[in-house]
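Take 1 as the starting number for the sequence shown in full-length UniProt numbering and just add one per residue. Where a beta carbon is used, it is the ideal one built from N, C-alpha and C, also for glycine. Computed from a predicted model, the values in this text were never measured in an experiment. Here the structure comes first, spelled out in structure tokens, and everything after it is commentary.
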Amino acid sequence: MPIWIVAALATATCFAVSGLLAYDAARALGATVFSFVRMALVAIGAGGLVLLFGLDSRMNGDDVALLCASGVMGVFLSDTLRYASLSRVGPQLQSLLGTATAPFALLLGFLVLGQTISMLSLVGTGMIIAGLVAAASARNNTSDTRFTGDTAGLTPGIGFGLGAALTQAGSVLIAAPVMAKGIDPLSATFVRSVAGALSLLLPVLLSAPRRSQIQSMTRPVAKQVVFSAVVGTGLGMSLQLFALASGPVGIVATLSATTPLIVLPLIWIIGRSRPKALAWLGAVIGVAGVALISNAS
Numbered sequence: 001m002p003i004w005i006v007a008a009l010a011t012a013t014c015f016a017v018s019g020l021l022a023y024d025a026a027r028a029l030g031a032t033v034f035s036f037v038r039m040a041l042v043a044i045g046a047g048g049l050v051l052l053f054g055l056d057s058r059m060n061g062d063d064v065a066l067l068c069a070s071g072v073m074g075v076f077l078s079d080t081l082r083y084a085s086l087s088r089v090g091p092q093l094q095s096l097l098g099t100a101t102a103p104f105a106l107l108l109g110f111l112v113l114g115q116t117i118s119m120l121s122l123v124g125t126g127m128i129i130a131g132l133v134a135a136a137s138a139r140n141n142t143s144d145t146r147f148t149g150d151t152a153g154l155t156p157g158i159g160f161g162l163g164a165a166l167t168q169a170g171s172v173l174i175a176a177p178v179m180a181k182g183i184d185p186l187s188a189t190f191v192r193s194v195a196g197a198l199s200l201l202l203p204v205l206l207s208a209p210r211r212s213q214i215q216s217m218t219r220p221v222a223k224q225v226v227f228s229a230v231v232g233t234g235l236g237m238s239l240q241l242f243a244l245a246s247g248p249v250g251i252v253a254t255l256s257a258t259t260p261l262i263v264l265p266l267i268w269i270i271g272r273s274r275p276k277a278l279a280w281l282g283a284v285i286g287v288a289g290v291a292l293i294s295n296a297s
């Protein structure tokens, strides 16, 4: 088996584990505080690596501005909405909501860049919607596992998750011209993470309850935040970049998007409750939809 396939599947596994690690911490700290602390850690880590290897000298002022805008949209909006969704619907449904990034990227590409949308991509979008409906239908009025989320938070959780997918697609669209120039991903990550963390600084500083949450953070919660950042953003993104550099983009994107499938057995093992058949079906359909979109010509 080619190493890039292993790397792509390991990427999805890292994202699944990161979601499980983030779940309790996001519920304890709230979406805004969790996003701020997590992204501040990412910025510090990326900054250390930039000091070691240097910042890409090809970046100009326009590139930095675009990356900052991408960071604000991707962190201040997308990450905050994602973790607000995670705390309400749990990692299984939230990871499936993340697959909506692909059709939203198609929509934005059509509206902003005038790109055409193939019939295969439309079919893939329909499959993602069907997968989300199936997964949402798998929930009932009782909490299946400790990772199910709030039983009363399904509707707002889905709304936050779709908002996270839309803003994530917008963030990628903004950064695309910079990355197309071959800018070092580490330098881009550093700029985006600093901009994202700074954009959350004011909402945290101006809120006494949020400041109190940081000051009273317990050691277990702090560990969850750190490991979520290291496993998800650090290891996961590094593996994805390696896979993209070695394998076909469409296949890598598909394999990296299998997180909804990988998270189910993890929930089964850790939560000690088997996910419903509809949850498995929804994950399979959703990932298949991403595969169609990623590999559409």
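Item	Value
Closest by CA to Ala-283, which one among Gly-45, Pro-91, Gly-74?	Pro-91
Out of Ala-130, Leu-106, Phe-190, which has the shortest C-alpha to C-alpha gap to Leu-52?	Phe-190
Rounded to the nearest angstrom, how far is the Cβ of Leu-21 from that of Gln-224, given a contact under 8 Å?	5 Å
Please determine if the region 55 to 62 and the region 247 to 260 are in contact, where contact requires at least 3 C-beta pairs separated by less than 8 Å.	no
What does the alpha-carbon distance come out to for the pair Leu-200 and Gly-30?	13 Å
So Ala-188 and Ala-175 are supposed to be a Cβ contact under 8 Å. How far apart are they, rounded?	7 Å
Would you mind sorting Arg-139 into buried or exposed? The rule is 16 or more other CB atoms within 10 Å of its CB.	buried
At the level of alpha carbons, what is the spacing between Ile-5 and Ala-243?	7 Å
How about the region 201 to 208 and the region 99 to 114: do they share at least three Cβ pairs that are nearer than 8 Å?	no
To the nearest whole angstrom, what separates the beta carbons of Gly-286 and Met-127, a pair I think is in contact under 8 Å?	7 Å
When burial is assigned at 16 or more other CB atoms within 10 Å of the CB, is Val-231 buried or exposed?	buried
Which whole-angstrom value describes the C-beta separation of Gly-250 and Pro-2, a residue pair presumed to lie in contact below a C-beta threshold of 8 Å?	That pair is no contact at about 15 Å.
For Gly-247, which three-state DSSP category applies?	coil
Have a look at Ala-28 and Ala-65 and give me their C-alpha separation to the nearest angstrom.	33 Å
Got a sec? Which residues, its chain only, sit under 6 Å from Lys-276 by beta carbon, not counting five neighbours each side?	Ala-138
For a minimum of 4 consecutive residues, which ranges assigned as the alpha helix (DSSP H) are wholly contained in the UniProt domain "EamA" (3 to 133)?	3 to 29, 31 to 53, 61 to 71, 80 to 97, 101 to 113
On the CB-based measure, 16 or more other CB atoms within 10 Å of its CB, does Thr-142 come out buried or exposed?	Because Thr-142 sits at a pLDDT of 49, beneath the cut-off of 50, its placement in the model cannot be relied upon, and the following sentence gives the value as read from the coordinates. Burial call: exposed.
List in chain order: all unbroken alpha helix (DSSP H) runs of 4+ residues lying wholly within the UniProt domain "EamA" (156 to 294).	185 to 205, 208 to 215, 219 to 228, 237 to 246, 249 to 256, 259 to 271
Given a threshold of 16 other Cβ atoms within 10 Å of its Cβ, counted over all protein chains shown, does Leu-77 qualify as buried or as exposed?	buried
Relative to the C-alpha of Ile-129, which candidate in Asn-295, Ser-294, Ala-288 has its C-alpha closest?	Ala-288
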